[in-house]
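*Asks:* Below is one structure. I have some questions about it.
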Amino acid sequence: MRLPKATLCLLASLLTLACGTGLLAEPPAGVAQGDPSSIAQEEGDKGEKSDAGRFLRIRRDAAGEPVALETAVVRYVPASGEGELVVDLIACVHVAQPSYYNRLNKRLEQYDVVLYELVAPHGTRIPRGGTRDSLNPLVLLQVMTESALELQSQTEHIDYMQENFVHADMSPDDMAKAMRERGDDGVTLFLSATADMMRQHNLRELERQKSGRPEAEAEPLDPLALLFDPNRAVKLKRMLAEQFDDLGSTGLGNTLDTLLIKDRNEAAMRVFQTELAKGRKRIAILYGAGHMADFEARLLSDFGLKRDRTEWLSAWNLRERGPAR
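Using the numbering used here, you'd call the opening residue of the sequence shown number 167 and step up by one each time.
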């Protein structure tokens with residue numbers, strides 16, 4: 167099933183921001199769901215596409231049906247084989263099932279330091295259980311999204327008060343300064359981002375025409391039927407997971423990719439270098455999945471590391487519920 171283009175773009179844009187590119191200073195809360203299995207999947211299990219270089223994938227069963235949206239934990243070690251440094255890129259989605267965050271909490275205890283993202287004043291810690299401004303319309307929209315997908319927010323479940331957690335992100339003032347230094351303001355940012363999206367659409371359409379593929383017809387979505395469908399949350403999650411998978415990288419375009427990914431990753435790597443200078447040997451970088459390709463490129467080119475192994479964690483259960491008895 168395919169959502170109409172306008173609806174799909176709206177949902178994908180919201181969830182890309184929620185799942186791929188960052189946490190804000192006023193994180194949302196979610197609505198509880200059942201706790202399906204979150205078994206870690208080792209590299210080589212059946213995913214949608216080749217998993218080389220990927221940090222987000224759909225796992226499918228033997229019949230090709232999607233069963234889980236998974237995120238990667240990728241380990242890097244010195245390419246020279248010398249030294250004890252271990253760096254794990256822990257890709258995450260910012261709304262998921264509680265069991266996913268429970269597994270992450272246990273894993274994060276083992277590191278000397280965990281560098282985490284949060285667009286907030288430097289050194290900000292998220293209190294246990296997160297915070298919520300019920301009057302903030304963006305927070306309300308995020309809460310509604312979590313409710314529709316039957317997922318919960320990362321900030322409700324990850325324990326940011328652990329002693330080994332270190333804030334490694336930009337502040338709102340830092341982001342505003344970076345925009346000004348590039349000559350951007352709200353208007354130029356909007357126009358540039360819109361042009362990027364139009365350019366990406368045109369390139370995808372050109373690629374489709376060259377390959378001879380027919381234009382996909384969007385199957386209309388019946389909101390009333392979906393409202394009474396016991397699998398409504400699963401169907402929405404499947405459609406969004408497929409959209410994330412199709413996007414491949416960040417799907418943001420050059421303008422937003424620079425602002426939301428590259429600028430913030432540079433800030434995180436400055437903190438990374440500080441922690442290396444302190445003698446940290448086991449370092450985790452806990453960020454949205456959309457940041458990880460850029461982080462990997464920096465670790466390989468600037469720090470002489472290589473990929474060692476990949477583990478996959480189930481973030482969204484995509485199995486449909488059986489008929490009620």
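Think of the CB as a built atom: it goes at the ideal place given N, C-alpha and C, for glycine as much as any other residue.
1. Using 10 angstroms around the beta-carbon of Thr321, count the other beta-carbons present and answer buried if the total reaches 16, otherwise exposed.
2. Straight-line CA distance for Asp201 to Ile324?
3. Would you decide whether Ala342 is buried or exposed? Buried here means 16 or more other CB atoms lie within 10 Å of its CB.
4. I think Leu235 touches Ala459, with their Cβ atoms under 8 Å apart; what is that distance to the nearest whole Å?
5. Classify Leu235 as helix, strand or coil using the three-state DSSP reduction.
6. Please report the distance separating the alpha-carbon of Met345 from that of Ala257.
7. Is Ala481 near Val259, with beta carbons less than 9 Å apart?
8. Which residue from Pro232, Phe469, Ile427 puts its Cα closest to that of Met405?
9. Would you identify the three-state DSSP class for Ser337, choosing helix, strand or coil?
10. Our contact map puts Leu306 next to Val261 with C-beta atoms below 8 Å; I'd like the distance itself, whole angstroms only.
11. Mind pulling the beta strand (DSSP E) runs of 3 or more residues that sit fully within the segment 425-470?
12. Roughly how many angstroms separate the alpha carbons of Arg294 and Val243, rounded to a whole number?
13. If Glu441 and Val285 are in contact, beta carbons under 8 Å, what's the gap, nearest whole angstrom?
14. For the alpha helix (DSSP H) that contains Tyr267, what are its first and last residues?
15. What does the Cβ neighbour count give for Glu312, buried or exposed, with the cut at 16 atoms within 10 Å?
16. Could you tell me whether the Cβ atoms of Leu281 and Ala455 are closer together than 9 Å?
17. Compare the Cα-Cα distances from Thr476 to each of Gly230, Ala238, Ala228 and report the closest residue.
18. In whole angstroms, what separates the C-alpha of Val253 from that of Arg348?
19. Is DSSP giving Leu281 helix, strand or coil here?
20. Measuring straight from C-alpha to C-alpha, what distance separates Ser337 and Gln375?
21. Determine the DSSP secondary structure at Arg294, reduced to helix, strand or coil.
22. Is any heavy atom in the ligand NAD found nearer than 8 Å to the beta carbon of Ala443?
23. Given this structure, state the Cα-to-Cα distance separating Tyr266 from Ser377, to the nearest angstrom.
24. What's the gap between the Cα of Ile224 and the Cα of Leu402?
25. Please tell me whether Asp335 and Ala463 are closer than 9 Å, where the distance is taken between their beta carbons.
26. Cα separation between Leu255 and His457?
27. Which residue or residues does DSSP assign as beta-bridge partners of Val252?
28. Under 9 Å, do Tyr453 and Glu250 count as touching if we go by C-beta distance?
29. Near Asp278, what residues of its chain come up, given a Cβ to Cβ distance below 7 Å and the 5 sequence neighbours on each side ignored?
*Replies:* If we stick to the structure as given:
1. buried
2. Note that Asp201 has pLDDT 38, beneath the 50 cutoff, so the model's placement of it is unreliable and the number below is only indicative. Cα to Cα, Asp201 sits roughly 16 Å from Ile324.
3. exposed
4. About 17 Å separates the two Cβ atoms, so there is no contact after all.
5. strand
6. 26 Å
7. yes
8. Pro232
9. coil
10. Not really, about 15 Å apart at Cβ, beyond 8 Å.
11. 448-454
12. 32 Å
13. Between Val285 and Glu441 the Cβ distance is about 20 Å, and since that is not below 8 Å, they are no contact.
14. 264-274
15. buried
16. no
17. Ala238
18. 32 Å
19. strand
20. 43 Å
21. coil
22. For the ligand NAD, the structure offers nothing, since it holds no ligand at all.
23. 39 Å
24. 14 Å
25. no
26. 10 Å
27. Arg448
28. no
29. Asn330, Arg446, Lys447, Arg448, Ile449
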